[in-house]
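This report refers to the structure that appears directly beneath it.
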Amino acid sequence: MSRSAERRIALVETGDAHIAVELDAEGTELGRRTLARDDAHVWIASVEETSSPRWVIRSAREAYPRLLHAGARLGRTHDLVLCHAILRDTALLAEPLAASRLWMPTTTEVEQPTLFDALIAETEHDPVDEVLQQYRAQLRALSSAPDGRLALLCAAESAGGLVAEEMRAGGLPWDAVTHDRILVDTLGERRMGGVPARMAELAQSVRTELGDEQVNLDSQQKLLRALHRVGVLAESTSRWELAEFDHPAVAPLLAYKKLARLLSANGWTWLADWVQDGRFRPVYIPGGVVTGRWASAGGGALQLPRMLRPAVRADPGWRLIVADVAQLEPRMLAAMARDEAMAQAARGSDLYAGVVESGAVATREEAKYAVLGAMYGATTGDSGRLVPRLRKVYPKAMRLVDDAARTGEDGGVVSTWLGRSSPKPPPAWLAMQAAASGADATAAVVREAQRRARDRGRFTRNFIVQGTAAEWSLIWLAEIRHRLRALPAAATPATASGPFAQAAHLAFFLHDEVILHVPAESAEHAADAVREAAAVATERLFGSFPLDVPLDLRVAETAEK
DNA sequence: AGAAGTTGCGCG
DNA sequence: AAAGCGCGCAACTTCT
9 MSRSAERRIA
19 LVETGDAHIA
29 VELDAEGTEL
39 GRRTLARDDA
49 HVWIASVEET
59 SSPRWVIRSA
69 REAYPRLLHA
79 GARLGRTHDL
89 VLCHAILRDT
99 ALLAEPLAAS
109 RLWMPTTTEV
119 EQPTLFDALI
129 AETEHDPVDE
139 VLQQYRAQLR
149 ALSSAPDGRL
159 ALLCAAESAG
169 GLVAEEMRAG
179 GLPWDAVTHD
189 RILVDTLGER
199 RMGGVPARMA
209 ELAQSVRTEL
219 GDEQVNLDSQ
229 QKLLRALHRV
239 GVLAESTSRW
249 ELAEFDHPAV
259 APLLAYKKLA
269 RLLSANGWTW
279 LADWVQDGRF
289 RPVYIPGGVV
299 TGRWASAGGG
309 ALQLPRMLRP
319 AVRADPGWRL
329 IVADVAQLEP
339 RMLAAMARDE
349 AMAQAARGSD
359 LYAGVVESGA
369 VATREEAKYA
379 VLGAMYGATT
389 GDSGRLVPRL
399 RKVYPKAMRL
409 VDDAARTGED
419 GGVVSTWLGR
429 SSPKPPPAWL
439 AMQAAASGAD
449 ATAAVVREAQ
459 RRARDRGRFT
469 RNFIVQGTAA
479 EWSLIWLAEI
489 RHRLRALPAA
499 ATPATASGPF
509 AQAAHLAFFL
519 HDEVILHVPA
529 ESAEHAADAV
539 REAAAVATER
549 LFGSFPLDVP
559 LDLRVAETAE
569 K
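Note that this note's numbering has the first sequence beginning at 9, numbered continuously upward.
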């Protein structure tokens, strides 16, 4: 469908109603209607079915949960809050979108009203006018772009906003019984008013070996002092440092710390707080990371521990599709830099094996550290030592990241493939650099400024790669979602009610991995959808440049790795 | 007593 | 084993 043929409808929530405003391609109003809050979803669903418009909304985060709950799904949106952040900061536009506090994400905390807010309140506009004005401003910004990249990014980001809410509504199927069994098997029997049995035994062993029956193992300071008393002269209580010491307290201590971590991060309290009706529902925050990666709030969705993956279990009659991309970031780098040699190494499922084949390094481990070091800016250690070898074999790719690093060191801004730009350095950073370049700068100030400049360089170096990988993933998600909507309703309903009780849905997303929850009879079609979506994402970003982005995909009952 | 900062861990 | 990017969270410690 061509863009101009696309129907656009702004959907604005007012106190007790929704106003739907029909728009043309420039955002000019063609007509409007008022919908009572309680049955807006009926009209929306019918319009969705007959003409699948692009809905212009303030924010999916704010508006979509209620619609989903009422039974209306939105196909495509333009999310003004998400797109405002992109168009405001992008370096691709000579004249970026004007920043406005009105279009920042609303925070949940109640903030003290500022003078600025008071000013806004005084001059408050009609909410419909505000939406239309902002949309027109964003359309103007997009029409001044040199190519379609920012428009693609805005569309993908908006789709991400929908996916995030739909994933929360659908939830990740979570088997509390399996989770509990893992906890008991690992931590020992749960005991009222104390730590679980096995943890208690380990703690006892540690205290005995330390000759201190009282020491609190969860206090770094007290633990460190106790260790020093028995001759373990570690500087911190971190795992890798303790492992260096040969003392009988070390082994049980490391085991205890591992269990303590599981208990506090994903123990019974977490299970009770975050799993209801057999679903884990974290809050996803699209664009929550400066690079464009998603953040999460609550539930620790960014740290789903490997150990607990067996608790991710499909409902009866349903399956999980578990898919991830191996080495997404270096693949993105190869294509961004149009580095044919690196793309050649990326042919097939293991990029690191390809790097070894190219002769740059001898082993797969070396390849891994060299490639990670190139993207992260390692300068010392094994990783730093290997990076120069990549410069010989992949000069184009290395020039791209090296240039990004230099731009950052100089205080500049870099952009991802689709045009999301890094934040400008903060005033304190600029002040430090200015101070260091003054005639009276001390050696210490100069040294510190150089260190901070290198920090900045490593950030911008990584930004372009991490951010472009996030863009690939966004398109992947959007294309998966699009294809899932065509699948038939489930033969067996899911165990949890809600908008996805009978529909295949995205259930989890983490940077380069997705988990889908799908009716068993649709599993193969859903798997195909995930594969097709990956191919489309690569093609949308890089056109005909030959880049492999292979998936590790399986259809299973659990998400076990 | 509660806010703010630090440490350590686990995820990509 | 490493020490290079990006996160969230819990528990402890220090500050107010």
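Glycine included, each C-beta is placed from N, C-alpha and C at the ideal position.
Beta-carbon within less than 7 angstroms of residue i's beta-carbon, same chain only, minus the 5 sequence neighbours each way: which residues are those?
i	result
M340	V473, T476, A477, W480
R399	M406
A528	G325, W326, R327
W111	L88, V89, H92, Q142
L555	R339, A342, A343, A351, A354, T546
L160	L426, R548
G35	L140, Y143, R144, L147
R491	A537, E540, A541
V369	V363, A375, A378, L394, R397
G219	V238
R247	L262, K265
What residues in its chain sit with their C-beta under 6 angstroms from that of residue i, if we drop five residues either side in the sequence?
i	result
L210	P260, A263, Y264
E521	D332
M350	A342, Y402, A405
Got a sec, what are the start and stop residues for the beta strand (DSSP E) residue i sits in?
i	result
R327	326-333
V139	Premise fails: V139 lies in the alpha helix (DSSP H), 135-151, not in any beta strand (DSSP E).
T277	Counting along the chain, T277 falls outside any beta strand (DSSP E), though it belongs to the alpha helix (DSSP H) covering 276-282.
Can you name the residues that DSSP bridges to residue i?
i	result
V291	A305
G39	E30
L180	F288
T2	Within the shown structure, residues of the chain are numbered from 9 to 569, placing residue 2 beyond reach of any answer.
L19	A28
T566	R321
A44	A25
S429	S423
Skipping 5 residues on each side, what residues in its chain have a beta carbon closer than 8 angstroms to that of residue i?
i	result
Q311	A273
Q222	R215
E117	Only weak support exists for where E117 lies, its pLDDT of 38 falling under 50; the value from the coordinates is given anyway. Nothing listed; no residue qualifies.
E565	R321, A322, R327, L328
A53	G79, A80, R81
R317	T566, A567, E568, K569
Where do the N-terminal and C-terminal ends of the alpha helix (DSSP H) with residue i fall, by residue?
i	result
V297	Premise fails: V297 is in no alpha helix (DSSP H) and is neither H nor E.
W484	451-492
D410	403-417
V379	372-384
E70	68-78
A439	435-445
Q352	348-353
L312	It is not in any alpha helix (DSSP H) - L312 carries neither H nor E in the DSSP assignment.
V364	359-365
E337	336-344
E249	247-250
In whole angstroms, give me the CA-to-CA distance for residue i and residue j.
i	j	result
E217	A257	5 angstroms
R189	D281	18 angstroms
T500	V330	21 angstroms
R96	A412	21 angstroms
A102	S152	8 angstroms
P121	W278	At P121, the pLDDT of 48 sits below 50, so the modelled position is not reliable; the number obtained from the coordinates is stated separately. Roughly 34 angstroms between the two C-alpha positions.
L195	Q229	24 angstroms
K376	A537	30 angstroms
H77	A44	16 angstroms
M383	T114	34 angstroms
S304	A443	38 angstroms
H519	A447	46 angstroms
F516	V557	20 angstroms
L571	R66	Look at the range of the chain in this structure, 9 to 569, and you will see that residue 571 is not part of it.
A28	V20	7 angstroms
G275	E197	12 angstroms
A502	G286	10 angstroms
V136	L38	14 angstroms
T387	D463	12 angstroms
S575	R16	The requested residue 575 does not occur in the structure, where the chain is confined to residues 9 to 569.
L225	L231	6 angstroms
G169	I94	13 angstroms
G178	D24	27 angstroms
R314	T450	49 angstroms
Open item on the list: Extract the residue ranges of the alpha helix (DSSP H) inside the region 510-562, only unbroken runs of 4 or more that lie entirely within it.
Closed with: For the region 510-562, whole alpha helix (DSSP H) runs of length 4 or above, ordered along the chain, are 531-550.
Task: 4-residue-minimum alpha helix (DSSP H) runs that sit fully inside the region 201-234, ordered along the chain - done: Runs found: 205-218.
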